[in-house]
Amino acid sequence: MASGVLILDPDRFVFGKDIFIGYSTLISGHFVKNRKLVLEMGKIGDYVQIGACCKIAQGVKIGNNSIIGFGVTIGVNCIIGENVKIYDASVLDDNSIIGDNSIIGKKCIVGKRTEVKNNCYIGNYSSIGSKLVIKSNTRIEELSTIKNNIV
């Protein structure tokens with residue numbers, strides 16, 4: 001782990017072997033909802049690399065061999081599959097799911113409760129709305145805005 005990494009509630013996360021977490025990254029095991037403390041277990045798999053200045057909320061699960069770029073924000077209870085790449089400054093809103101072997105380009109936004117299935121490519125600067133499903137093997141070009149399911 002690099003310097004300046006802050007892990008709130010370290011007992012609320014399971015950390016795999018041979019992981020790297022970049023400087024000034026914040027990993028949280030809790031949040032406050034309706035003035036009540038909510039605790040969720042999270043997991044960071046084996047051989048995961050997390051870039052600097054990331055924010056990872058509680059309940060997040062990151063699969064083995066995944067790479068999270070610089071300044072990525074991952075919301076509450078997101079699930080990231082194995083061998084996933086999420087490039088710099090992208091945002092995954094709460095309860096999003098990214099399937100195995102998928103790539104999320106830089107500065108992308110994935111809305112709440114959206115599921116991107118396995119082997120998908122989301123081009124740089126793209127935005128995917130909330131509560132959508134993107135089918136496996138879908139390729140979304142750069143600068144795209146997706147407002148409907150792709151099934």
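Just so you know, we're using full-length UniProt numbering here: the sequence shown kicks off at 1 and counts up by one. Positions of the beta carbon are idealized from the N, C-alpha and C atoms, including for glycine. Just so it is clear, the structure is predicted and the values come from calculations on it, not from any experiment.
Tell me which same chain residues have a C-beta within less than 6 Å of the C-beta of residue i, skipping the five on either side of it?
i, result
"Leu26", "Leu6 and Lys55"
"Ala2", "Gly22 and Tyr23"
Shortest alpha-carbon distance to residue i belongs to which of the options?
i, options, result
"residue 155", "Ser127, Leu132 and Asn137", "The question about residue 155 has no answer here: the residues shown for the chain are numbered 1 through 151."
"Gly51", "Val133, Asn83 and Thr73", "Thr73"
"Leu92", "Gly105, Asn101 and Asn83", "Gly105"
"Asn118", "Val151, Glu142 and Tyr125", "Val151"
"Val14", "Lys43, Asn65 and Ser102", "Lys43"
"Val133", "Tyr121, Thr114 and Tyr125", "Thr114"
"Val84", "Leu8, Ser3, Asn65 and Gly4", "Asn65"
"Ala89", "Gly45, Tyr125 and Leu37", "Tyr125"
"Asn137", "Ile122, Gly22, Leu8 and Asp11", "Ile122"
"Gly81", "Cys120, Gly4, Phe20 and Ile62", "Ile62"
At what residues does the beta strand (DSSP E) containing residue i begin and finish?
i, result
"Lys106", "Unbroken run through Lys106: none, as it is neither H nor E."
"residue 236", "Given that the chain is displayed from residue 1 to residue 151, the structure contains no residue 236 and the question cannot be resolved."
"Ile44", "Gly42 to Ile44"
State yes or no: is the C-beta of residue i nearer than 6 Å to some heavy atom of the ligand SAM?
i, result
"Ile80", "Looking at this structure, you won't find the ligand SAM or any other ligand, since it has none at all."
My assumption, with CB atoms under 8 Å, is that residue i sits in contact with residue j. Please give the rounded CB distance.
i, j, result
"Asn77", "Asn95", "5 Å"
Kindly list the residues whose CB is nearer than 8 Å to the CB of residue i, restricted to its own chain and excluding five residues on each side of it in sequence; keep chain order.
i, result
"Asp9", "Ser28, Gly29, His30, Leu39 and Gln58"
"Ser130", "Asp93, Gly111, Lys112, Arg113 and Thr114"
* To do: At 3 residues or longer, and completely inside the region 13-37: list those beta strand (DSSP E) runs for me, N to C.
  => 13-15 and 30-33
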